[in-house]
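Chemist: Got a structure here, written out as structure tokens. Questions coming.
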Amino acid sequence: MSFFKKYKYHLLIIFVGLFCLEILNFILQLDKQTIIYGDSSNYLEAAQFMYLKFTGHYYRPMLMAFIIGIPYLFGSSDAVIFEWSFILNVFCWLGTSIILFEILKNFLKEKVAFWFAMLPFFILGNITSNYLLLTENIFVFFTVFAFYFLFRYYKTKEFCYLSFSLAIFLSSMLIKPGAKFFGIILVFLFFKEIIKNYKHKSMIFLYVSFLMILIQVVGMKAQYGNFTISYIDGVTYHNYICSKADCFKHGKEFNQINNPRAEYLFSLDFTDQKKVALEDLKRQIRTNFSNLVKAYISDIRDNTVSGNSCIEEWKNYKGRSNFDSWKTLLFDVSKWQNRFLSLFGILLSAFFLFKTFKKPNSFTFVSFFIGYIILLSGISCGQGDRFHLVTFPFVILLLANYLSETRRFRPFFEPLQK
31 MSFFKKYKYH LLIIFVGLFC LEILNFILQL DKQTIIYGDS SNYLEAAQFM YLKFTGHYYR
91 PMLMAFIIGI PYLFGSSDAV IFEWSFILNV FCWLGTSIIL FEILKNFLKE KVAFWFAMLP
151 FFILGNITSN YLLLTENIFV FFTVFAFYFL FRYYKTKEFC YLSFSLAIFL SSMLIKPGAK
211 FFGIILVFLF FKEIIKNYKH KSMIFLYVSF LMILIQVVGM KAQYGNFTIS YIDGVTYHNY
271 ICSKADCFKH GKEFNQINNP RAEYLFSLDF TDQKKVALED LKRQIRTNFS NLVKAYISDI
331 RDNTVSGNSC IEEWKNYKGR SNFDSWKTLL FDVSKWQNRF LSLFGILLSA FFLFKTFKKP
391 NSFTFVSFFI GYIILLSGIS CGQGDRFHLV TFPFVILLLA NYLSETRRFR PFFEPLQK
């Protein structure tokens, strides 16, 4: 009984999360859907490369390949990888809210923290991601876990928490390569602290993360020809923002499916892909800068106003008469969730950065992360809410802190600490 009393909110979070998942599964028949996205095939291929061919993948780094491909150790088939992905996604999805709850308890009373921790369960984009072989829920779990230790560091000033936090941030670039600049910036900002504690035993966490990154880039050099985490960055900005800027220049409509520039890029080997993409970006900065800026703004707008693209593609396998109505309604809900949470993310992150930049704390870095993801999303488009949904749990975190410190709402939140 003492166990249930101690962890009652954690157990309730799990129960509510699974209940919400089952409700949406019943409405949209999520467990019946068979759509495999292009990126999902890439992640499956990366796991096959690692476990069956003992090589690295050109687009997907090794940590994601390692996590996704674990069933191959037991002789499982490709179909089991998708089942394992679902289990892993749900674990990370539930784990994100539990860790968020632990962070929220630092400045809210337990009951209020519980209600805020359940809010991610009602974000449709995060729920549907559970059924896809993608990185989003895994990456969010890693990130919220890293922020949990960063909060612990600022509370206790113990270096071990900072080391573990930075190690997770750095490791996350081996799940989602776009996170690399965020991890590098954090290491730079905490460089003095790292140097001061380079002999500390907890530095092992950072050394392991540095070693994994080194193995990744050296492996890519040996196998494909470049010291890089992944070749996906060049492909992304060339095929999206640069292609859209080129379309603006010539008065054409951008189409990510029928894109001659993308077809040409994919006809090259990976070293040439990286070289051609970089040269094209430099050329457009020199000669087509205004349209490049226009394309960037257009991409951010698209990533902000779009609904969940998965919901649009789900099919009515059970032949229910109200399926299309529900699908339309939930797609519209996902669209407005993306719009409001992206807007709140922009406003709240700007507010906290302005408020804390002279004396940074954990909320400074949460705000920076939200801004980083939203600004980075400008290099691509046409993915629905997929880019911004990784920020939504952190927007909820900032919103909770903002309301708890606002005079009008403070009595309802009863903050535990200042």
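Mapped onto this note's numbering, the consecutive letters of the sequence shown carry residue numbers 31 to 448. Glycine residues also receive a C-beta, built at the ideal position from the N, C-alpha and C atoms.
Which of the three DSSP states, helix, strand or coil, is assigned to P390?
Modeler: Residue state, collapsed to three classes: coil.
Chemist: Leaving out five residues before and five after P445 in sequence, what residues of the same chain have Cβ atoms less than 6 Å from its Cβ?
Modeler: Confidence at P445 is low in this model, with a pLDDT of 48, below 50, so its placement is unreliable and the value that follows should be read with caution. Counting only Cβ-Cβ distances below 6 Å, and skipping sequence neighbours, we find F137, S434.
Chemist: Counting only runs of 4+ residues fully inside the stretch 301–358, write out the alpha helix (DSSP H) ranges in chain order.
Modeler: Entirely contained in the stretch 301–358, the alpha helix (DSSP H) runs reaching 4 residues are, in chain order, 319–335, 339–343.
Chemist: Just to confirm my understanding: we take V363, look at its own chain, exclude 5 residues before and 5 after, and list those with CB closer than 7 Å. What are they?
Modeler: So the qualifying residues of the chain are L154.
Chemist: Keeping to the same chain, check which residues put their C-beta closer than 8 Å to that of S328; ignore five residues upstream and five downstream.
Modeler: Contacts found: K274, C411.
Chemist: Can you give me the C-alpha to C-alpha distance between S336 and E342, rounded to a whole angstrom?
Modeler: Spanning the two alpha carbons is a distance of roughly 11 Å.
Chemist: Please name the residue, chosen from K345, F56, D108, that lies closest to A76 on a Cα-to-Cα basis.
Modeler: For the residues K345, F56, D108, the minimum Cα distance to A76 belongs to D108.
Chemist: Which residue from I403, S339, F382, M80 puts its Cα closest to that of D415?
Modeler: The option with the nearest alpha carbon to D415 is S339.
Chemist: Which whole-angstrom value is the C-beta distance of Y161 and L60, which I expect to be below 8 Å?
Modeler: Contact flag correct, Cβ pair sits at about 5 Å.
Chemist: I think P91 touches S260, with their Cβ atoms under 8 Å apart; what is that distance to the nearest whole Å?
Modeler: The Cβ separation is near 6 Å, so the contact holds.
Chemist: Given a threshold of 16 other Cβ atoms within 10 Å of its Cβ, counted over all protein chains shown, does L130 qualify as buried or as exposed?
Modeler: So L130 counts as buried.
Chemist: Does N333 pass the burial test, meaning 16 or more other C-beta atoms within 10 Å, or should it be called exposed?
Modeler: Burial call: buried.
Chemist: Once DSSP output is grouped into helix, strand and coil, what is the label at R90?
Modeler: Note: R90 maps to coil in three-state DSSP.
Chemist: If we count Cβ pairs, one from each stretch, closer than 8 Å, do we get three or more for the stretch 142–158 versus the stretch 173–193?
Modeler: No, the stretch 142–158 is not in contact with the stretch 173–193.
Chemist: Quick one: grab the DSSP three-state call for S434.
Modeler: DSSP places S434 in helix when its eight states are reduced to three.
Chemist: Within this structure, are the beta carbons of I18 and Y294 separated by less than 9 Å?
Modeler: With the chain covering 31 to 448 only, the question about residue 18 has no answer from this structure.
Chemist: Quick one: residues in its chain with C-beta nearer than 7 Å to the C-beta of K357, no 5 flanking neighbours on either side, listed in chain order?
Modeler: Hits under 7 Å: L58, I341, W344.
Chemist: Which residue's Cα is closest to the Cα of S47: F121, Q63, L82?
Modeler: In the sequence on display, residue 47 carries Gly and not Ser. Selected option, being the one with the closest Cα: F121.
Chemist: In terms of residue numbering, what span does the alpha helix (DSSP H) encompassing K226 cover?
Modeler: 221–226 is the extent of the alpha helix (DSSP H) around K226.
Chemist: Can you tell me the Cα-Cα spacing of L378 and F189, whole angstroms?
Modeler: Between L378 and F189, the C-alpha separation is close to 28 Å.
Chemist: Taking the CB atoms as reference points, tell me whether I43 and S127 lie closer together than 9 Å.
Modeler: Yes, the Cβ-Cβ distance between I43 and S127 is below 9 Å.
Chemist: Cutting at 6 Å between CB atoms, please list the residues of its own chain near L200, excluding the five before and the five after it.
Modeler: Taken in chain order, the residues that qualify are G213, S239.
Chemist: Where does N289 fall in DSSP's three states?
Modeler: N289: coil per DSSP, three-state reduction.
Chemist: Going by DSSP, what residue range makes up the alpha helix (DSSP H) through G105?
Modeler: It is not in any alpha helix (DSSP H) - G105 carries neither H nor E in the DSSP assignment.
Chemist: Can you give the Cα-Cα distance for S297 and H268, rounded to whole angstroms?
Modeler: If you take the alpha carbons of S297 and H268, they lie about 14 Å apart.
Chemist: C411 by DSSP, collapsed to three states: which one?
Modeler: Coil.
Chemist: Label I225 either buried or exposed according to how many other C-beta atoms from any shown protein chain fall within 10 Å of its C-beta, with 16 as the threshold for buried.
Modeler: Classification of I225: exposed, given that the 10 Å Cβ count is below 16.
Chemist: Relative to the C-alpha of L428, which residue among A143, W123, E113 is closest?
Modeler: Ranking the options by Cα distance to L428, first place goes to A143.
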